[in-house]
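Here the working numbering is used: the first residue of the sequence shown is 157, the next is one more, and so on. Heads up, the thing below is written out as structure tokens.
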Amino acid sequence: MNILGIDVSNKTLDCCLLIQNEPYYHTFTNNDEGFYNLLSLYNNFKVNSLGFESTGNYHKKLESYFVNNGVLPYILKPISVSSFRKALAIHGKTDKTDSYAIAQFLLKGDLTEYLHYPTRDFFKPLLSSIVLLDKQIRQTKNSLHAIDLYPETTFITEELKDTYKYLQITKGRIEKKSIDLLFENCPEAKLIKNEIGGVGDKLLLCLIPAIYDNFDKFTLKQINAFFGLNPLSFQSGTSVYKKEHISKKGNPLVLKMLYMASVSAVRNNEILREKYLRLKEKGKPSKVALVSVMSHLLRAIVIKLSHYKNKPIKK
């Protein structure tokens, strides 16, 4: 079994080819010429499995090149490879040893099938821009409050007010155009908005691109966990026990939008308002009841998307 592990960096592709568990190393440039040579290596040695870590933007072009040429790579989580690498007891850390660790992980690790997320990748820079603008708006607003404490620095107040106003206008324009693109590329989103009370444009903009391409590959419980709504237990023996809480390991922007939508749904959605009040009557705290509404909203959106796309959810 021949395995090809690739360590992707800004300028180079360091590769470890395992043939009968014997490593052979190669280095290519991270450009079209390097991609061609790497694909030739893959074909010449009849590689059975190929993979690399998810490294922000560095691996995207390589991933697209392989997919367009009929090769489905494994995209590995850096934290999983890092933990596996420690178990190998490799001394030092270089691109060469990293490629060896990736190859060994492909040989022995628990791998999942390759899934392509074109819709998520298309909307990612738009959502990142909105998040960064929102952060700048908060920072500018805090600066304006700080200046009020020191009259000697008020000469920059007007400049900051103009910046604050411009940032808000820019964010609003990007959000509006992004929502228009969402309804154009994912027409099911508008149908979902009209059917589920409490679901708005901003929630759909954050959520739909993340699940649109491959929601049918996962169960509803798994999708809940992806967005940090799964309960976590913390217990050891009889001395250590903590209350269950949600993991919050998902996309924080989606969690925020789901929370805001759940507050709106409790007021405007009859079914969810009844659920919220029923949980409150049973003695559940308000936040626990709202988390339940958040989970209900998420499941309802996924089920509606499944219906409109005619793709059943995994059981």
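Ideal Cβ placement from N, Cα and C applies to all residues, glycine included.
- In this structure Val422 is not in contact with Val444, their Cβ atoms being roughly 13 Å apart against a cut-off of 8 Å.
- Taking C-beta atoms as the reference points, Leu169 and Asn186 count as a pair closer than 8 Å.
- The residue from Pro441, Glu219 and Thr250 with its alpha-carbon nearest to that of Tyr273 is Glu219.
- In the structure shown, Leu169 adopts extended strand secondary structure according to DSSP, grouped into three states.
- Your pair Leu173 and Phe201 checks out as a contact, with CB atoms roughly 6 Å apart and the cut at 8 Å.
- The Cβ atoms of Ile348 and Ile367 do not sit closer than 8 Å to each other.
- For Ile469 and Thr310, the gap between their C-alpha atoms comes out near 58 Å.
- The beta carbons of Leu338 and Leu361 sit closer together than 8 Å.
- Annotation for Asp357: Ile335 place their beta carbon closer than 6 Å to its own, counting only its chain and skipping 5 residues before and after.
- Going by DSSP, Asn158 is part of the beta strand (DSSP E) stretching over Asn158 to Val164.
- Distance from the CA of Val237 to the CA of Gln292, rounded to the nearest whole angstrom, comes to 34 Å.
- Counting the other Cβ atoms within 10 Å of the Cβ of Gln176 gives fewer than 16, which makes it exposed.
- Of the residues Ile162, His463, Phe222 and Met416, the one whose Cα lies closest to the Cα of Thr250 is Ile162.
- Nearest neighbour of Phe383 by Cα position, chosen from His452, Lys431, Ala345 and Lys346, turns out to be His452.
- Leu388 carries a strand assignment under DSSP once its states are collapsed to helix, strand and coil.
- Cβ contact annotation for Leu263 (same chain, cutoff 6 Å, sequence separation greater than five): Ile159, in chain order.
- One alpha carbon belongs to Leu411, the other to Lys405, and they sit about 9 Å apart.
- Using a 10 angstroms sphere on the CB of Arg434, the tally of other CB atoms stays under 16, which defines it as exposed.
- In the DSSP assignment, Tyr180 falls within the unbroken beta strand (DSSP E) covering Glu178 to Thr185.
- In this structure, Leu232 and Phe261 form a Cβ contact; the two beta carbons are roughly 6 Å apart against a cut-off of 8 Å.
- Put simply, the backbone Cα of Lys297 is about 20 Å away from that of Leu409.
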